[in-house]
Amino acid sequence: MNHPRSLTDKIFLVIKGLCMGTANKVPGVSGGIVAFVGGFYEEFIYSLQKINAKAFKLLIGGRFKSFYRYINGPFLTLLIFGMLISYFSISKLLDYFLVKKELLVWSTFFGMILGSIYYIGKDFDYWKKKTFTAALIGLGIGVAISFLSPAKENDNLIFIFLCGMISVSGMTLPGLSGSFILILLGNYVLLLVDSVNALYDTFSEIIVGDFSFTSNSERLHTLKILAVFTLGSATGLVTLSHVLSFVLKHYKHITTATILGFITGSLGVVWPWKKTIYKIGEDGNVLLDSNGKRIIMNYERFLPDMGILENWTAILFIVIGISILLLLDWYGKNRTT
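Right under this line is the structure:
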């Protein structure tokens, strides 16, 4: 998988990381779809698989260059760099539009996922009994997850570690949204909002020489939760990549069919026409997170009223989402010819 890349390839890899990071943050959207459609899914999985005992031996032995080459460091570095950029830029912009133009954002993502189904399925010519069954199983699981009800928040550290392992699946399994899984587990706000904000506040205080957080038991508990969640995510990412690399190597067609079915089933999560259900407190008011944002519990889906102009605009944005994937397909074909 290690091969020289042109400057254009490197720039596009950062952009792909940016898109992947943005997708990972949105409940219902999978960063794995970006990797799959972007044509770097297998390299991503195989690179993660290289983080193994041999890699750690190279690292502990001080052979840093060998370690970097062994884990396909240039690829992972550019991809992760793009993800970091998305966290501080695009994802913030996305937060704004999810509040102001929620229907249009969901419509665009819905269209992009429809486009990705076409993109993955158009060259898949291995429909047999096994692959068709695998696709149906993937479809069933995707639909089932779409309509599950969320659990209550739980800050038990063992459960937090498991949340990390499970939520990172959105990066490795196309169609499975890690953010949406955290909503179902009841810990989306705790792990992706409160904990991250606690880390940001802590760094801000350290920069100005303020170490008062060390006597703040609530802050320290939240930072401990974030550390355990991060450890769980790293463990899940490496472990799952080893499993997936084996599956991709030995059962590639069945895996692709399952992913295709799963992505199709997950369309229910990003259905544009839905009413957001927020968490209500004992006083009957909507609860807010530490950023003053309303806490999402789940979604109530409905069919659009085609007499409303906004709904036709949403359909236009679905077409735009599909077009983005078709343009990627066109770019891929013309780039290789």
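Residue numbers for the sequence shown follow our numbering, so the first one is 810 and each next one is one higher. The beta carbon of each residue, even a glycine, is placed where N, CA and C say it ideally should be.
- Classify residue 929 as helix, strand or coil using the three-state DSSP reduction. helix
- Extent of the continuous alpha helix (DSSP H) to which residue 1086 belongs: Careful: residue 1086 lies outside any alpha helix (DSSP H), inside the beta strand (DSSP E) at 1083-1087.
- For residue 880 versus residue 856, is the C-beta spacing smaller than 8 Å? yes
- Message: Using C-beta distances below 8 Å, list every residue in its chain close to residue 1021, excluding the 5 sequence neighbours before and after it, in chain order.
- Response: 1014
- Message: Buried or exposed for residue 965, going by 16 or more other Cβ atoms inside 10 Å?
- Response: exposed
- Message: Suppose the cutoff is 7 Å on Cβ atoms and the five residues either side in sequence are ignored; what does the same chain contact list for residue 944 look like?
- Response: 1066, 1067, 1069, 1070
- Query: Taking the alpha helix (DSSP H) that residue 850 falls in, what are its first and last residues?
  - Reply: 850-858
- Message: Considering only their Cβ atoms, is the gap separating residue 867 from residue 819 smaller than 8 Å?
- Response: no
- Could you name the residues of the same chain whose beta carbon sits closer than 7 Å to that of residue 1050, not counting the 5 residues immediately before and after it, in chain order? 854, 857, 858, 981
- Given 8 Å as the limit, is there contact between the segment 1044-1058 and the segment 918-928, that is, 3 or more CB pairs closer than that? They do not touch, by the three-pair rule.
- Item | residue 962 (DSSP reduced to helix, strand or coil) | coil
- Query: Just to confirm, are residue 793 and residue 1084 a CB contact at a threshold of 8 Å?
  - Reply: Lying before the first or after the last residue shown, residue 793 is absent from the chain, which here runs from 810 to 1146.
- Message: Quick check on residue 816: does DSSP put it in helix, strand or coil?
- Response: helix
- Message: I'd like to confirm the pairing. Which residues does DSSP put opposite residue 1109 in its beta bridges?
- Response: 1084
- Query: Does the Cβ-Cβ distance between residue 952 and residue 841 come in under 8 Å?
  - Reply: no
- Candidates 1135, 871, 918: which alpha carbon is nearest residue 1072's? 918
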